[in-house]
Ligand SMILES: NC(=O)c1ccc[n+]([C@@H]2O[C@H](COP(=O)([O-])OP(=O)(O)OC[C@H]3O[C@@H](n4cnc5c(N)ncnc54)[C@H](OP(=O)(O)O)[C@@H]3O)[C@@H](O)[C@H]2O)c1
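In this note's numbering, the protein residues as written are 3 to 353.
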């Protein structure tokens, strides 16, 4: 029997990507979609590329077993709490349940969290690190797009104690990361043929990155600098992380003999950490965003700078798939006891 699922707010980029992926799922039926501005219209009228999905956009969620909320932060929390009250499992793609400390919402999102009791219950939906907790959860906080690329890149090095706590995360995102709502910075003439750093005063994904990385190695007093950049492409995030290797791992002796073996050893360590992970590929050359376009893959390339004894890790994801809707669907598969990869396999669209 097909499991009925819904999407709250199908008209945003994450909502529509969820609809596209769910429509390919053989064991799940997309049974209810909601929206605000397009209520009453057929999905294909509003989003012609999804015309194969014969559903109307409703004001309220129908009868489903599991729902995705693709609302903006602050507005998602109430929809999520209401769905849980009805006994519906929820995957929230917004930031509203990602942070464990309610005070952090005041500080970073400028609002008083109205359901702090749910924060401790919410499971951070990074399957590679929290698979079992996701499977038994009724509320999953789907990770942010930047944190997904950064955490997956750094997790092996932190967990194995290879690096010092001073970490730099330098990330570049395509424009869809900012969502569909219009803003000056994402206009074609502003973003095209232009690259800019932003949120240097502190991006909202920083507390999420720090929270999750700290959990991997609580003894390490992390100091993370995170600088996001906007680049003129539709999708994709390329993240480059830098951290000094710890003594013993800095390869001073080995490097004198040759950098190749040391690098190979580091890649083997990463491969061992992610052994059996269907969506992680530890690659032998610096990855490019297009190699993940439309896929749920995260490509990871760890290397070293022998001059500074720094570990450099480059990762790539599609922000709307592994960084959003795809990862949410991966969690749904786990929560419903379905094979984790269902409806998420396939190669990248290239070029
Ligand atoms: N974009 C990404 O790469 C990405 C990745 C991971 C997570 N996320 C998160 O996923 C969520 C959705 O992101 P998105 O990029 O899909 O956003 P988006 O494209 O900007 O979509 C926003 C949609 O939300 C609706 N909306 C805006 N304000 C609302 C309100 N006050 N009440 C109800 N509906 C409202 C609008 O729908 P109407 O058409 O009905 O007005 C609009 O279509 C966000 O929380 C975001 O942080 C985004």
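Idealized CB from N, CA, C, for every residue including glycine.
Whose C-beta lies closer than 7 Å to the C-beta of residue i among residues of the same chain, with five residues either side of it excluded?
i: residue 322; result: 15, 16, 19, 178, 237
i: residue 91; result: 67, 68, 140, 337
i: residue 74; result: 96
i: residue 86; result: 92, 140, 141
i: residue 33; result: 6, 7, 8, 64, 66
i: residue 348; result: 297
i: residue 155; result: 241, 243, 302, 315, 317
May I ask whether a heavy atom of ligand 1 can be found less than 7 Å away from the beta carbon of residue i?
i: residue 318; result: no
i: residue 243; result: no
i: residue 200; result: no
i: residue 127; result: no
i: residue 74; result: yes
i: residue 182; result: yes
i: residue 298; result: no
i: residue 111; result: no
i: residue 97; result: yes
Within the 8 Å Cβ cut-off, does residue i reach chain B?
i: residue 349; result: Considering every chain present, this structure includes no chain B. It has just one protein chain.
Determine the DSSP secondary structure at residue i, reduced to helix, strand or coil.
i: residue 16; result: helix
i: residue 327; result: helix
i: residue 223; result: coil
i: residue 281; result: coil
i: residue 322; result: coil
i: residue 99; result: coil
i: residue 247; result: strand
i: residue 185; result: coil
i: residue 28; result: coil
i: residue 197; result: coil
Where does the unbroken beta strand (DSSP E) through residue i begin, and where does it stop?
i: residue 8; result: 5-10
i: residue 82; result: Premise fails: residue 82 lies in the alpha helix (DSSP H), 78-87, not in any beta strand (DSSP E).
i: residue 91; result: 91-94
i: residue 70; result: 68-71
i: residue 352; result: Careful: residue 352 lies outside any beta strand (DSSP E) and carries neither H nor E.
i: residue 340; result: Unbroken run through residue 340: none, as it is neither H nor E.
Which same chain residues, not among the five before or five after residue i, have their C-beta less than 6 Å away from its C-beta?
i: residue 106; result: 209
i: residue 100; result: 143, 210
i: residue 312; result: 244, 246
Excluding sequence positions up to five away, which residues of its chain have a Cβ less than 8 Å from the Cβ of residue i?
i: residue 294; result: 238, 300, 301, 318, 319, 320, 323, 324, 350
Quick check on the DSSP output: the alpha helix (DSSP H) that includes residue i runs from which residue to which?
i: residue 153; result: 147-161
i: residue 174; result: Premise fails: residue 174 lies in the beta strand (DSSP E), 165-175, not in any alpha helix (DSSP H).
i: residue 215; result: 208-218
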